[in-house]
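Heads up: the structure comes next, in structure tokens.
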Amino acid sequence: MFRKKQASHFDSDDAEQRQAKIKELRAALGSLSSRGEKYCDEACLIRYLDARNWNVDKSRKMLKESLKWRATKRPEDIHWPDVSVEAETGKMYRATFTDREGRTVVVMRPAKQNTSSHEGQLQYLVYTLENAVLSLPEGHDKMVWLIDFTGWTLAHATPFKTARDCMNVLQNHYPERLSIAFLFNPPKVFEASFKVLKVLVDPKSAQKLNFVYKENEESMKTMYNHIDPEVLPAEFGGKNNAVYNHEDYSKLMTKDDIKTASFWAADVNHVINVDSVPEVKPQPSLIVAKAS
């Protein structure tokens, strides 16, 4: 009596099997545009494969959708003047500090919401993610999120449509970009609800979310293990007195726009020139968004 042959199982730790999957996905994508080729480097293919448990067909479909989305939305062509109004209160920005590994930290402060524009908020999220990705040090492709809920109430809740579309962008077009997330001073109901809903969340994603409270020394140690308190701003429980300054951030993003255009080999006529960017004149009350 013959024994049925067992199907071989993919081992994600096996370098040879990984390379075979990467090669298979690259071939399945077919011909790509110049920007598509630049986007689909090996690290990108690995992220999409990882997001779909190394199923090549599912990874191909996901990546094809992302390429279609990028061709339509052209996230790499969003410039600071297009989104600066969304950043005036410092509701979301790339931090000037990094984690202990040198990874980019993106700060989100939902209580600082300052617009009701659905498209504007989506565009600013994409701009910030693109900027954060290009700011990652060589050898890293994941970022850190620091979500500050200080001062947040239900009045600051994001409309369902905006929240849904933002989540879709994050999950579908920036897979495996999150290293760890710190939910700072969240309402207790958030943590209680999360414990109930945790069974519905992808285990890998759930492990990346950490609830930390400024007055809880033990929970703060979790964040200190990843971000040196010497560089972490005091408003988030660190020792650095730096606060968000919209004028300074505008200058930083204007310079980064040039780097972005250079990376994507944009047409020379579309490369942003610092001298050609309209001066951002912050309102006195918005120059510094202090902690609530």
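Numbering (my numbering), first residue to last: 30 to 321.
No residue lacks a Cβ here, since even glycine has one placed at the ideal position from N, Cα and C.
These numbers come from a predicted model, not from an experiment.
Of the listed residues the options, nearest to residue i (C-alpha basis)
| i | options | result |
| --- | --- | --- |
| N245 | L165, I256, H275, N214 | N214 |
| A140 | V155, K120, Q48 | K120 |
| V162 | D86, K97, A124 | A124 |
| F219 | C195, A72, S234, W181 | W181 |
| A49 | V241, D128, L261, E71 | E71 |
| L238 | E259, P232, I209 | I209 |
| L17 | M137, E247, Y156 | Only positions 30 to 321 of the chain appear in the structure, and residue 17 is not among them; the question remains open. |
| K90 | R193, T191, R55 | R55 |
| R81 | T133, H202, M172 | H202 |
| V155 | L261, L183, G131, D194 | D194 |
| G266 | Y273, S248, N274 | S248 |
| Y242 | P232, Q236, K217 | K217 |
| Q150 | Y122, G131, I75 | Y122 |
| W83 | A44, T187, G131 | A44 |
| L78 | R206, T283, E115 | R206 |
| K67 | E53, N270, A100, D40 | A100 |
| K233 | Q200, P258, D86 | Q200 |
| A294 | A57, W98, G65 | G65 |
| K288 | S164, T133, L58 | S164 |
N-terminal and C-terminal residue of the alpha helix (DSSP H) that residue i is part of
| i | result |
| --- | --- |
| A57 | 44 to 58 |
| T133 | No alpha helix (DSSP H) contains T133, which is instead part of the beta strand (DSSP E) from 133 to 137. |
| A235 | 232 to 235 |
| S248 | 246 to 253 |
| V112 | 109 to 112 |
| A290 | 275 to 292 |
Status (buried if at least 16 other CB within 10 Å, exposed otherwise) for residue i
| i | result |
| --- | --- |
| N197 | exposed |
| N160 | buried |
| F178 | buried |
| G38 | Note on identity: in this sequence residue 38 is His, with Gly being the wrong assignment. Burial call: exposed. |
| N302 | Low per-residue confidence applies at N302: pLDDT is 43, beneath 50, and the placement is therefore not dependable enough to give any value. |
| T157 | buried |
| D286 | buried |
| S95 | buried |
| N298 | Caution is warranted here: a pLDDT of 42 is assigned to N298, below 50, making its placement in the model unreliable, and no coordinate value can be reported. |
| S291 | exposed |
| P204 | buried |
| D296 | Because the pLDDT of D296 is 43, which lies under 50, any placement of that residue in the model is unreliable, and the question is left without a value. |
| V114 | exposed |
| P188 | exposed |
| S62 | exposed |
| E130 | exposed |
| A116 | buried |
| S60 | exposed |
| K34 | No answer about K34 holds up, because its pLDDT of 41 lies below 50 and its placement is not dependable. |
| E264 | buried |
| D40 | exposed |
For residue i, the first and last residue of its enclosing beta strand (DSSP E)
| i | result |
| --- | --- |
| L175 | 172 to 177 |
| Y122 | 121 to 127 |
| V241 | 238 to 241 |
Helix, strand or coil at residue i [DSSP, three-state]
| i | result |
| --- | --- |
| L61 | coil |
| F39 | coil |
| A192 | helix |
| N143 | coil |
| N82 | coil |
| N160 | helix |
| I209 | strand |
| N270 | coil |
| H299 | Confidence at H299 is low in this model, with a pLDDT of 41, below 50, so the placement of that residue should be treated as unreliable; the coordinate-derived value is given next. Three-state result, H299: helix. |
| P216 | coil |
| P104 | helix |
Beta carbon proximity, residue i to chain D, threshold 8 Å
| i | result |
| --- | --- |
| A184 | In the structure shown, chain D does not exist; there is a single protein chain. |
Review point. Are at least three pairs of beta-carbons, each pair with one atom in the stretch 278 to 285 and one in the stretch 252 to 264, less than 8 Å apart?
Key: Counting Cβ pairs under 8 Å, fewer than three are found: no touch.
Point to revise | Any 3 or more C-beta pairs closer than 8 Å across the stretch 142 to 150 and the stretch 99 to 108 | key: With a cut-off of 8 Å on Cβ pairs, the stretch 142 to 150 is not in contact with the stretch 99 to 108, counting fewer than three such pairs.
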